[in-house]
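Counted the way the working numbering counts, the sequence shown spans residues 6 to 290.
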Amino acid sequence: MKPAPFTYHAPTQLDELLALLSDGEGETRVIAGGQSLVPMMNFRLSTPEVLVDLRRVEALQGLRRLPDGALVVGAGVTQAQLLRDREVAADFPLLAEGIAHIGHPQIRSRGTICGSIAHHDPTAELPAIAIALDARMTIRSTHGSRELAAADFFVSYYETALEQGEMLAEVTFPAPRPRAGWSFRELARRRGDFALVGAVALVEHGASARLVLFGVGDRARRIEPVERLLDGADPRDPGLLAQVPELVAAAIDPLGDVHASADYRRELAGELAVAAIAEAIERAA
Numbered sequence: 006m007k008p009a010p011f012t013y014h015a016p017t018q019l020d021e022l023l024a025l026l027s028d029g030e031g032e033t034r035v036i037a038g039g040q041s042l043v044p045m046m047n048f049r050l051s052t053p054e055v056l057v058d059l060r061r062v063e064a065l066q067g068l069r070r071l072p073d074g075a076l077v078v079g080a081g082v083t084q085a086q087l088l089r090d091r092e093v094a095a096d097f098p099l100l101a102e103g104i105a106h107i108g109h110p111q112i113r114s115r116g117t118i119c120g121s122i123a124h125h126d127p128t129a130e131l132p133a134i135a136i137a138l139d140a141r142m143t144i145r146s147t148h149g150s151r152e153l154a155a156a157d158f159f160v161s162y163y164e165t166a167l168e169q170g171e172m173l174a175e176v177t178f179p180a181p182r183p184r185a186g187w188s189f190r191e192l193a194r195r196r197g198d199f200a201l202v203g204a205v206a207l208v209e210h211g212a213s214a215r216l217v218l219f220g221v222g223d224r225a226r227r228i229e230p231v232e233r234l235l236d237g238a239d240p241r242d243p244g245l246l247a248q249v250p251e252l253v254a255a256a257i258d259p260l261g262d263v264h265a266s267a268d269y270r271r272e273l274a275g276e277l278a279v280a281a282i283a284e285a286i287e288r289a290a
């Protein structure tokens, strides 16, 4: 398969890149690693008329830490680059664990963190992690900059809050809370395949809890009934986790496909949620 004809630009300055996005020259897409976009173009599922490559724009490269410990990830940062940074991986273990589940090393060496988030496959790991960690999205265009919380950024299947002429320039992950336990769980047919269902859990004893499921609908979702159950609860209560599957099943409405039925995904989501919460509780202890 071959993509439809397109025009290719490789600017070196951010202002130049943003100008190319806003000039109205047909459907324009930003490309970084291309690990999701290029296959879709090859199958004619996506037919942009213009591709703007961001890899030569220095302002979009690099990881940096803010004084409060938050992590800022530029649009050109690859998934492998974050995993190679041992200090960052140690400080943000949930983020590192989720990235390690993405595809294979060859894919992670080119695929970018912001690219996966902006592409928004609802079975992808990074959108769910961004919601769980309360990440902030910095969106740029020729009109300036704006910020969105991760929970407000994802709209539906492959759809985000990005408007025409805008790009996701960077993502900021807040500094981790040292007393919070975490867990990342997913089930795929084979290692490296897209997940059938996944769960992300954060638990802080006596304080708050966060549970995000992905692969259960048009976007990753916080399961607030479970969060309310866990908030301030005694994690040693043996009846606590027994209530989770029923709450999860009532909160999601997954679709069935050739890989798994809706009922299977619903049951799997409950099991993964229990496993993730239990592990997060153990780590918090």
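Note that the Cβ used here is the ideal one computed from N, Cα and C, for glycine as well.
If you drop the 5 nearest sequence neighbours on each side, which residues of the same chain put their C-beta closer than 8 Å to that of V78?
L68, L87, I118, C119, E175, V176, T177, F178
Quick test of the definition: if touching needs 3 or more C-beta pairs under 8 Å, does the stretch 264-279 touch the stretch 197-212?
yes
Own chain residues within Cβ distance below 7 Å of I134, not counting five before or after
L99, L100, G103, V205
Of all the options D268, D28, I228, I282, which has the alpha carbon lying nearest to the alpha carbon of T147?
D28
Please tell me whether I136 and A155 are closer than 8 Å, where the distance is taken between their beta carbons.
yes
How long is the line joining the alpha carbons of D73 and D268, rounded to whole angstroms?
43 Å
Provide the residue(s) that pair with H14 in DSSP beta bridges, ordered along the chain.
V57
The stretch 51-63 touching the stretch 31-43, judged by at least three CB pairs closer than 8 Å:
yes
Grab the span of the alpha helix (DSSP H) containing A24 for me, first residue to last.
19-27
Could you tell me the distance, in whole angstroms, from the CA atom of A37 to the CA atom of L26?
14 Å
Could you give the distance in angstroms between the alpha-carbon of R115 and the alpha-carbon of Q40?
7 Å
For a test of the three-state rule: what should DSSP assign to M46, helix, strand or coil?
helix
DSSP state of E251, grouped into three classes?
helix
Whole-angstrom distance between P16 and L60, CA atom to CA atom
A quick correction: the sequence has Arg, not Leu, at residue 60. One C-alpha to the other measures close to 8 Å.
Who are L68's beta bridge partners in DSSP?
V78
A140 lies in the alpha helix (DSSP H); which residues open and close that run?
It is not in any alpha helix (DSSP H) - A140 carries neither H nor E in the DSSP assignment.
Excluding the 5 residues preceding and the 5 following T12 in the sequence, name in chain order all residues of the same chain whose CB lies nearer than 6 Å to its CB.
V55
What residue range is occupied by the uninterrupted beta strand (DSSP E) comprising E209?
Neither: E209 is in no beta strand (DSSP E) and is coded neither H nor E.
Using the Cα positions of D157 and V217, report the straight-line distance between them to the nearest angstrom.
14 Å
Start-end ranges of the alpha helix (DSSP H) lying completely within the stretch 94-149, minimum 4 residues:
98-105, 110-113, 118-124, 130-137
Could you check the C-alpha separation between D242 and Q248 for me, to the nearest Å?
11 Å
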